[in-house]
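Participant:
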Amino acid sequence: MTQYVIHPLLNGRCLIAGHHAFYNGDEKESYPYALYLWLILGGERPMLVDTGLDNVEEMNQGAAHVLREPITQQPGERGVEQLARFGVRPEDVGKIAITHLHFDHVDCLDQFPNATIYVSGRGLEKATANNWHGSWAPGKTLELLTRTAKDRVVAADDVEVAPGIRTMWVGGHSPCSQAVLVDTKAGRVCLTGDTVSLNLNIERNQAVGVCHSEEECYAGMEKIRGAADIILGSHDPAHAGAYPNGLGA
Ligand SMILES: [Zn+2]
Numbered sequence: 269m270t271q272y273v274i275h276p277l278l279n280g281r282c283l284i285a286g287h288h289a290f291y292n293g294d295e296k297e298s299y300p301y302a303l304y305l306w307l308i309l310g311g312e313r314p315m316l317v318d319t320g321l322d323n324v325e326e327m328n329q330g331a332a333h334v335l336r337e338p339i340t341q342q343p344g345e346r347g348v349e350q351l352a353r354f355g356v357r358p359e360d361v362g363k364i365a366i367t368h369l370h371f372d373h374v375d376c377l378d379q380f381p382n383a384t385i386y387v388s389g390r391g392l393e394k395a396t397a398n399n400w401h402g403s404w405a406p407g408k409t410l411e412l413l414t415r416t417a418k419d420r421v422v423a424a425d426d427v428e429v430a431p432g433i434r435t436m437w438v439g440g441h442s443p444c445s446q447a448v449l450v451d452t453k454a455g456r457v458c459l460t461g462d463t464v465s466l467n468l469n470i471e472r473n474q475a476v477g478v479c480h481s482e483e484e485c486y487a488g489m490e491k492i493r494g495a496a497d498i499i500l501g502s503h504d505p506a507h508a509g510a511y512p513n514g515l516g517a
């Protein structure tokens with residue numbers, strides 16, 4: 269049985285208002301968010317969950333309405349720089365599971381020329397409906413997924429990415445949100461893809477404020493609770509530096 273080790277790679281930080289962090293949250297509150305990509309080692313080749321953000325300026329403009337304080341990225345926090353610390357080159361990455369098609373999760377998707385890409389099938393279908401008009405997904409990402417890298421894309425729901433790693437459609441935060449479940453020595457870990465952004469979303473059972481469907485968010489959280497031993501909120505700052513040797517080492 270393959271047991272994986274997960275490395276949360278810090279990709280930036282920002283501050284979010286309470287009503288964006290939590291559905292019906294308090295606008296006067298502020299919550300620190302961290303951005304990550306996730307490196308999974310232990311398989312045949314390195315794998316990623318999400319790819320992180322390079323164009324911080326574009327993200328800060330596009331997401332200005334939900335950012336109380338803009339995203340900052342320190343030297344060394346770009347995805348390729350973080351991977352280099354593990355001796356992983358972009359061309360070495362064999363598989364990438366995309367939790368959802370928001371800019372901070374897919375901006376760097378074009379930097380991994382050899383990876384098979386796993387994206388929610390029903391999510392991609394919705395994201396590309398109406399000739400992409402009004403889509404929440406970046407045009408360059410849709411271009412890649414449906415044209416230039418089409419032969420490397422697995423657009424389906426609830427699939428095995430590798431033995432011991434699978435996707436689980438949850439929706440909620442966005443129609444394309446899928447969680448990724450990874451078996452490790454520490455237990456089955458869930459990378460939640462923003463349907464749980466802070467671990468407090470799970471602890472308080474309060475949906476995220478940036479939410480496409482409140483009902484799906486609650487159903488998604490229930491699914492996640494039932495499937496995982498360890499739940500890692502996708503923007504929770506607590507993971508940064510918490511696992512010096514990786515989770516599951
Ligand atoms: Zn998102």
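Heads up, the sequence shown is in the numbering used here, so the first residue is 269 and it goes up one at a time.
C-beta: ideal position from N, C-alpha, C; glycine also.
#1: Between 425, 508 and 460, which lies nearest to residue 279 when the distance is taken from Cα to Cα?
#2: Helix, strand or coil, according to DSSP, for residue 276 in the structure here?
#3: When burial is assigned at 16 or more other CB atoms within 10 Å of the CB, is residue 398 buried or exposed?
#4: The beta strand (DSSP E) spanning residue 324 covers which residue range?
#5: Compare the beta carbon distance of residue 453 and residue 514 with 8 Å and say whether it is the shorter of the two.
#6: The beta strand (DSSP E) with residue 455 in it runs from where to where?
#7: Tell me, to the nearest whole angstrom, how far the beta carbon of residue 460 is from that of residue 376; I am working on the premise that it is less than 8 Å.
#8: So, at 8 Å on beta carbons, what are the nonlocal neighbours of residue 495 in its own chain, with the 5 sequence-adjacent residues on each side left out?
#9: In or out: residue 463 buried (at least 16 other Cβ within 10 Å) or exposed?
#10: Using 7 Å as the cut-off, classify the Cβ of residue 322 as near or not near the heavy atoms of ligand 3, replying yes or no.
#11: Distance check for residue 327 and residue 281, CA to CA, integer angstroms please.
#12: Can you list the alpha helix (DSSP H) stretches of 4 or more residues lying completely in the region 297-380, in chain order?
#13: Please indicate yes or no: does the CB of residue 462 lie closer than 7 Å to some heavy atom of ligand 1?
#14: If we define contact as Cβ-Cβ less than 8 Å, is residue 444 a contact residue for chain C?
#15: Between residue 299 and residue 316, what straight-line distance do the alpha-carbon atoms span, to the nearest angstrom?
#16: Kindly list the residues whose CB is nearer than 6 Å to the CB of residue 434, restricted to its own chain and excluding five residues on each side of it in sequence; keep chain order.
#17: Per DSSP, what kind of secondary structure is residue 466 in: helix, strand or coil?
#18: How many Å lie between residue 422 and residue 402 at the Cα?
#19: Check whether the Cβ of residue 441 sits closer than 7 Å to any heavy atom of ligand 1, and report yes or no.
#20: Could you name the residues of the same chain whose beta carbon sits closer than 7 Å to that of residue 337, not counting the 5 residues immediately before and after it, in chain order?
#21: Are there any heavy atoms of ligand 1 lying less than 7 Å away from the beta-carbon of residue 373, as far as the coordinates show?
#22: Is residue 368 near ligand 1, judged by its Cβ being under 7 Å from some heavy atom?
#23: Taking the straight line between their C-alpha atoms, what separation do you get for residue 502 and residue 406?
#24: Note down, in chain order, each residue of its chain lying with its Cβ closer than 6 Å to the Cβ of residue 484, except the 5 sequence neighbours on either side.
#25: Under the assumption that residue 387 contacts residue 366 (Cβ atoms under 8 Å), give the Cβ distance between them as a whole number of angstroms.
#26: Taking residue 470 as the reference, which of 451, 491 and 275 has the closest Cα?
Facilitator: In terms of the structure at hand:
#1: 508
#2: strand
#3: The residue in question, residue 398, is exposed, as its Cβ has fewer than 16 Cβ neighbours within 10 Å.
#4: First-last for residue 324: 324-330, but that is the alpha helix (DSSP H), not the beta strand (DSSP E).
#5: no
#6: 455-459
#7: Incorrect: roughly 20 Å between the Cβ atoms, too far for contact.
#8: 436, 447, 449, 456 and 458
#9: Under this definition residue 463 is a buried residue.
#10: Although ligand 3 was asked about, the structure shown includes only ligand 1 as ligands.
#11: C-alpha separation (whole angstroms): 12 Å.
#12: Entirely contained in the region 297-380, the alpha helix (DSSP H) runs reaching 4 residues are, in chain order, 324-330, 347-352 and 371-374.
#13: yes
#14: Of the protein chains in this structure there is only one, and it is not chain C.
#15: 26 Å
#16: 428 and 449.
#17: coil
#18: 23 Å
#19: yes
#20: The residues 282 and 283, in chain order, have a CB closer than 7 Å to that of residue 337 in the same chain once the five nearest residues on each side in sequence are set aside.
#21: yes
#22: Yes, ligand 1 has a heavy atom inside 7 Å of this Cβ.
#23: 20 Å
#24: 439 and 440
#25: 5 Å
#26: 491
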